[in-house]
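Line by line, the protein sequences are chains A and B.
Quick note: the first sequence uses the working numbering, first residue 2, plus one each step.
Quick note: the second sequence uses the working numbering, first residue 323, plus one each step.
Just so you know, even glycine gets a beta-carbon here, dropped at the ideal spot from N, CA and C.
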Amino acid sequence: RKEVEQDPGPFNVPEGATVAFNCTYSNSASQSFFWYRQDCRKEPKLLMSVYSSGNEDGRFTAQLNRASQYISLLIRDSKLSDSATYLCVVGRTGSGTYKYIFGTGTRLKVLA
Amino acid sequence: EPEVTQTPSHQVTQMGQEVILRCVPISNHLYFYWYRQILGQKVEFLVSFYNNEISEKSEIFDDQFSVERPDGSNFTLKIRSTKLEDSAMYFCASSRGNTGELFFGEGSRLTVL
């Protein structure tokens, strides 16, 4: 079982739709949680950190459920420019330094 | 805004050749990482570096790979004898603290022929 799992998609949604992605993690010692956005052939860019209390940044809302070991990302009022791959990243202490585990990413395509 | 910079952006090399990929992390960051991403696949951890030594490495990071921080600013990844399967995008990343966000460079695309 992968340590961080995401539905690879693609999710094809019309402009203006609301879309939600989930990500599950298997290691209960995981300490920090992030959503990154990656455009085709570009570097991952931090979208938002995810906190236990949940957090919102404009049209984006992230939630963390430690009991069920999943995090979610909700995008409201989707824009064409939201088309990208969304990477779930989980951080925990590894055998050496802090370790960041990447999910495979969920591909979103917003259609006009 | 401070950023991680990587050179070269693209390198084409023959199988068996040595390659050095360079990174300049954000100046007040203390933790440095190399990741790779084969086209269409997930981002994979290679190695982490802290306090001038390797903190952790993955099973991908075998004897043909090495990292160093020769001058306090550059952070390099060397591949001694490249193989076809080393063709990928290599991302350098840095973080300020032990658990903070990772900031990525734009990547170096390596093509091995």
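- With its beta carbon less than 8 angstroms from one in chain A, residue 421 of chain B belongs to the interface.
- Here the alpha carbon of residue 406 of chain B sits roughly 9 angstroms from the alpha carbon of residue 338 of chain B.
- For residue 88 of chain A, the nearest CB of chain B lies under 8 angstroms from its own CB, placing it at the interface with that chain.
- Across the stretch 398-413 of chain B, CB contacts with chain A closer than 9 angstroms involve 411 and 413, in sequence order along the chain.
- Here the alpha carbon of residue 384 of chain B sits roughly 14 angstroms from the alpha carbon of residue 358 of chain B.
- In the assembly as shown, residue 100 of chain A is a buried residue. Its beta-carbon has 16 or more other beta-carbons within 10 Å.
- Scanning chain A for C-beta atoms nearer than 8 angstroms to the C-beta of residue 378 of chain B yields 95, 96, 97, 98 and 100, reported in chain order.
- About 5 angstroms separates the beta carbon of residue 343 of chain B from that of residue 399 of chain B, a gap short enough to meet the 8 angstroms contact definition.
- Contact holds between the stretch 84-99 of chain A and the stretch 407-427 of chain B, because three or more Cβ pairs, one in each stretch, are under 8 angstroms apart.
- The alpha-carbon of residue 355 of chain B is positioned some 15 angstroms away from that of residue 401 of chain B.
- About 5 angstroms separates the beta carbon of residue 416 of chain B from that of residue 348 of chain B, a gap short enough to meet the 8 angstroms contact definition.
- Fewer than three beta-carbon pairs drawn from the stretch 56-63 of chain A and the stretch 326-341 of chain B are found closer than 8 angstroms, and the two stretches are therefore not classed as touching.
- Taking 8 angstroms as the threshold, the shortest C-beta distance from residue 346 of chain B to chain A does not fall below it.
- Contact of residue 426 of chain B with chain A by beta-carbon distance below 8 angstroms involves 44, 45 and 46.
- According to DSSP, residue 326 of chain B shares a beta bridge with no other residue.
- At a cut-off of 8 angstroms, the C-beta of residue 32 of chain A has a neighbouring C-beta in chain B.
- Burial check for residue 44 of chain A: the Cβ neighbour count within 10 Å reaches 16 or more, so the residue is buried.
- Not one beta carbon of chain B lies nearer than 8 angstroms to the beta carbon of residue 12 of chain A.
- Boundaries cannot be given for residue 381 of chain B, as no beta strand (DSSP E) includes it and DSSP labels it neither H nor E.
- The C-alpha of residue 431 of chain B is placed about 6 angstroms away from the C-alpha of residue 412 of chain B.
- As the crow flies, the alpha-carbon of residue 28 of chain A is around 7 angstroms from that of residue 4 of chain A.
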